[in-house]
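Numbering (our numbering), first residue to last: 9 to 808.
Even glycine gets a Cβ: it sits at the ideal position worked out from N, Cα and C.
The structure displayed is predicted, hence computed values, not measured ones.
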Amino acid sequence: MNIAKVVVDVPASQTDRVYDYLIPAKLMDVLQPGMRVIVPFGNRRIMGFVLQISNRTEVDKLKEIQETMDLLPALTPELLDLGVWMGEQTLSFHITALQAMLPQAMKATYKKILVRTGDIPDELQSVFSKDNTALFEQFEQSGVSFAMLQQAIKAGQVELRYQVNSKETKKTVRMLDTKQTTEELQAELSNVNPRAMKQRALLEHFIEEPGPVAQKQLLSIYQTTASTLKPLLDAGILQAYDKEIMRDPYEDRKIEPTKPLELSDSQARALQPILKSILTEKHDVFLLHGVTGSGKTEVYLQAIQQVLDKGQEAIVLVPEIALTPQTVNRFKGRFGSDVAVLHSALSAGEKYDEWRKIQRKQVKVAVGARSAIFAPFENLGIIIIDEEHETSYKQEDHPKYHARDIAIFRGKYHHAPIVLGSATPSLESYARAEKGVYQMLELPERVNDASMPDYQIIDMRDELHAGNRSIFSRELLDQMKERICKKEQTVLFLNRRGYSTFVMCRDCGHTVECPHCDITLTYHRSSEQLKCHYCGYEEPVPHFCPSCESDTIRYFGTGTQKVEETLTQLLPEARVIRMDVDTTRRKGSHEKLLGAFGRGEADILLGTQMIAKGLDFERVTLVGVLAADSMLHLPDFRAAEKTFQLLTQVSGRAGRHALPGEVIIQTYSPEHYSVELAASGDYRPFFQTEMQTRRVFQYPPYYYLALLTISHQNQVKAMQTTQTIVQLLQKHLSDQVRILGPTPSPLARIKDRYRFQCMIKYKNEPNLRDVIRRILHYYEDARKKEDLQIHVDLQPYSLM
């Protein structure tokens with residue numbers, strides 16, 4: 009068994025296969041599948057994953073593995089199988105699928121190194137350091153000609169080598185200890201100058217409290233510096249060493265332990281089938297459909313306890329925006345140090361350490377956003393996906409996986425149940441439960457006899473006719489004033505950040521657009537900048553129209569910044585906290601703002617989608633939705649579903665405790681069924697209405713979709729390629745398939761690239777992946793040499 013089957017870190021179709029390498033003698037008993045290795049590949053050194061160890065090869069002359077990057081496998085046998093399956097399912101390169109399962113800190117980076125191996129011209133001499141090496145970037149900045157370097161390489165005077173680097177960093181703390189006995193230390197103490205009081209104090213510490221201590225802590229206790237220590241270290245009385253410690257992002261947070269709550273009858277009924285599956289190790293998929301505030305989290309916690317009692321492990325997925333301090337506290341409060349948390353607000357080092365706690369079996373529960381589904385547990389007893397309808401569970405970059413599909417793969421492997429929880433399940437999941445593919449569990453009422461909030465739908469057209477041009481309806485403004493008087497709190501929701509959504513000239517109608525994308529720029533008042541939220545382009549606000557030079561520049565649409573400003577004008581007594589991407593960029597700001605609101609330091613919490621989920625505040629009795637129809641008019645067949653889900657979720661923040669709640673929905677489309685049915689709070693009528701629309705227009709769950717997006721800097725090239733692809737699809741797929749397109753994408757240009765797309769609708773098309781794979785292979789050269797991009801999404805959630 010001296011041959012390793014390796015997938016190399018070269019994401020290209022011609023290298024998307026396994027390569028055989030000899031295992032050197034030094035690694036013969038060390039190397040295992042799942043480890044990362046450094047191998048020679050052409051003239052480079054690159055990283056690869058060992059998939060398998062074998063004694064067979066069909067290659068006559070093999071290169072040898074140069075070194076291993078791991079002492080423990082980075083990927084378990086299950087995750088290796090999952091990587092292969094995920095690559096095939098999403099049409100991704102296998103290396104891309106395997107890399108997606110690791111924290112960012114473990115992804116390899118490469119540096120080109122020049123090594124001097126002989127006499128070189130004087131001009132080149134200046135590039136190299138004393139150890140005869142130079143970074144390739146240093147050479148590029150030196151001004152020496154590439155031709156001279158090329159000649160030196162050909163003459164054997166210089167070699168170009170590739171260095172593989174990993175961003176893994178382990179945190180250490182400097183420790184102090186002594187090997188001497190108490191008697192020996194007392195003898196040393198008698199030799200120390202009586203006036204060296206600090207030095208004597210340090211020695212006395214080790215006499216009175218034997219054992220290692222952190223250097224920083226010791227110096228702080230005795231209010232001294234490292235110079236005091238130096239003589240003791242030099243004499244060998246004390247020894248210093250570095251000890252690895254795990255970064256804990258929650259070590260400074262006081263989390264109160266919690267005990268299991270008494271379940272309501274419906275909670276107990278929902279929990280029983282889950283417990284049965286855990287005990288019998290049966291892979292069932294449950295859809296836990298419970299209204300907002302119905303106690304789904306407590307059901308999750310008690311199911312996890314059963315798993316831990318069996319000595320198994322659990323994964324809980326929560327949408328990134330719902331992974332609030334409150335959510336983390338509930339799991340940490342119940343399971344303490346057995347919980348690892350994985351989400352984007354952590355630093356790369358913190359994420360890496362949380363991942364290593366899982367790998368080293370130091371924790372039993374992983375709570376996190378989408379990528380936590382790859383937690384390297386080897387004895388999973390349950391996987392829970394909270395708010396399962398959330399589109400953020402679908403990865404938009406390669407590999408374009410859905411966390412639900414990965415959960416089901418892992419659940420089958422471990423014979424473990426999957427629980428999908430939501431107040432507003434995706435139509436696909438609810439339809440599967442209706443058909444018996446999933447088991448339906450219902451939580452129809454709120455816990456603690458809390459009533460659902462009262463709803464009012466305000467037609468903003470009527471407000472306009474009555475002369476009210478404000479962002480706020482008269483009723484919402486009155487209710488906010490009343491809440492301030494009662495010392496209760498309000499949550500205001502608007503799905504737009506920035507100040508205004510676009511800037512327009514009133515004279516000629518010119519709108520200021522991004523020069524690189526087909527989208528208007530958004531005005532941000534705090535920085536007095538117009539920004540593109542797609543490519544990051546910024547420019548100062550113009551004082552005159554760029555087209556006609558008129559000074560009648562006006563701001564249209566409403567963003568969170570403008571709402572905040574209007575609130576301070578209309579309700580000067582109101583204390584407002586704004587939460588959007590702009591106010592939560594800094595680490596810890598999300599937690600700080602929510603903490604302040606929870607302590608009653610503000611009357612109104614104003615925010616975008618991040619306030620729609622995971623928040624539970626006792627004094628919130630009013631929720632105002634400012635533009636309920638902002639998503640209804642997007643070119644997306646899920647627009648009504650997303651609107652219904654968002655309105656229901658944000659409304660669920662009101663009246664979750666003893667105080668009754670009220671929801672005011674402002675809209676220009678009050679008659680739309682998604683708005684009307686969200687106000688009634690009844691999911692089933694919405695499901696039935698929306699399913700009829702989906703059947704008529706042949707959309708999921710009745711049909712599967714695949715979306716191909718083609719982009720190029722030349723508009724004609726992008727369009728012609730899309731036309732050819734449509735013809736190839738029509739030729740090689742069955743006549744049961746519907747192909748829509750070619751057509752410009754809704755966002756027809758982003759970052760100076762023109763975008764066209766075609767959509768495939770099908771019920772059963774076994775050859776689809778194979779046909780698309782052949783099309784990608786056909787365009788391989790154009791993708792490499794002509795910068796043509798073809799993106800394939802076999803489960804599209806964004807059609808933009």
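Provide the residue(s) that pair with residue i in DSSP beta bridges, ordered along the chain.
i    : result
H799 : T717
F564 : F510
G429 : L296 and D394
I612 : T498 and V584
E450 : H297
R44  : F57
M183 : A222 and Y249
R52  : F49
L538 : Y531 and E547
L350 : G376
D462 : E670
V172 : Y118
R763 : S719
S682 : DSSP, once it has assigned bridges, lists no residue as partnering S682.
So what's residue i in DSSP terms, helix, strand or just coil?
i    : result
Q247 : strand
Y786 : helix
H397 : coil
L5   : For residue 5 there is no data in the structure shown, the boundaries of the chain being 9 and 808.
R469 : helix
H2   : Summary: the structure shown does not reach residue 2, with the chain confined to residues 9 through 808, and so no result is reported for it.
E521 : strand
R368 : coil
F57  : strand
K792 : helix
Y770 : strand
Y691 : helix
G389 : strand
L210 : helix
Y360 : helix
A20  : coil
T335 : helix
S228 : helix
K69  : coil
E75  : strand
E557 : coil
K402 : strand
Residue i lies in the alpha helix (DSSP H); which residues open and close that run?
i    : result
I286 : D273 to T288
A441 : L435 to K443
Y409 : Unbroken run through Y409: none, as it is neither H nor E.
K238 : A234 to D242
A311 : K304 to D317
V658 : A647 to S659
T98  : P85 to T98
A322 : Counting along the chain, A322 falls outside any alpha helix (DSSP H), though it belongs to the beta strand (DSSP E) covering E321 to L325.
E104 : The question names Glu, yet the displayed sequence has Thr at residue 104. It spans H102 to Q107 - the alpha helix (DSSP H) in which T104 sits, taken as one unbroken run.
H598 : S597 to G606
N199 : T190 to N199
Quick check on the DSSP output: the beta strand (DSSP E) that includes residue i runs from which residue to which?
i    : result
L122 : A116 to R124
I263 : No beta strand (DSSP E) holds I263; DSSP gives it neither H nor E.
Q674 : E670 to T675
T629 : V628 to V633
A33  : A33 -> no beta strand (DSSP E), and no H or E assigned at all.
Quick test of the definition: if touching needs 3 or more C-beta pairs under 8 Å, does the region 633–649 touch the region 523–530? no
Every unbroken alpha helix (DSSP H) inside the region 709–761 [4 residues or more]: 723–740
Is the region 476–494 touching the region 450–468 in the sense that three or more CB pairs, one from each, lie closer than 8 Å? yes
Say whether the region 68–85 touches the region 27–42, bearing in mind that this needs 3 or more beta-carbon pairs closer than 8 Å, one atom from each stretch. yes
Inter-stretch contact (C-beta, 8 Å, three-pair minimum) for the region 256–270 and the region 418–426: no
Does the count of Cβ pairs from the region 574–593 and the region 616–634 closer than 8 Å reach three? yes
Determine contact between the region 738–750 and the region 767–781, defined as no fewer than three beta-carbon pairs at a distance below 8 Å. yes
Taking contact to mean 3 or more Cβ pairs, one atom from each stretch, closer than 8 Å, check whether the region 445–465 and the region 668–679 are in contact. yes
Ignoring anything shorter than 3 residues or poking outside the region 121–164, list the beta strand (DSSP E) runs there in chain order. 141–143
Spell out a yes or no on whether the region 651–670 and the region 441–453 are touching, meaning 3 or more CB-CB pairs, one atom from each, closer than 8 Å. no
Using 8 Å as the cut-off, can you tell me whether the region 277–293 makes contact with the region 346–361, which would need three or more C-beta pairs spanning the two stretches below that distance? no
Cβ contact (3+ pairs, closer than 8 Å) linking the region 299–314 and the region 231–245: no
Would you say the region 92–106 touches the region 206–225, given that touching needs at least three Cβ pairs under 8 Å? no
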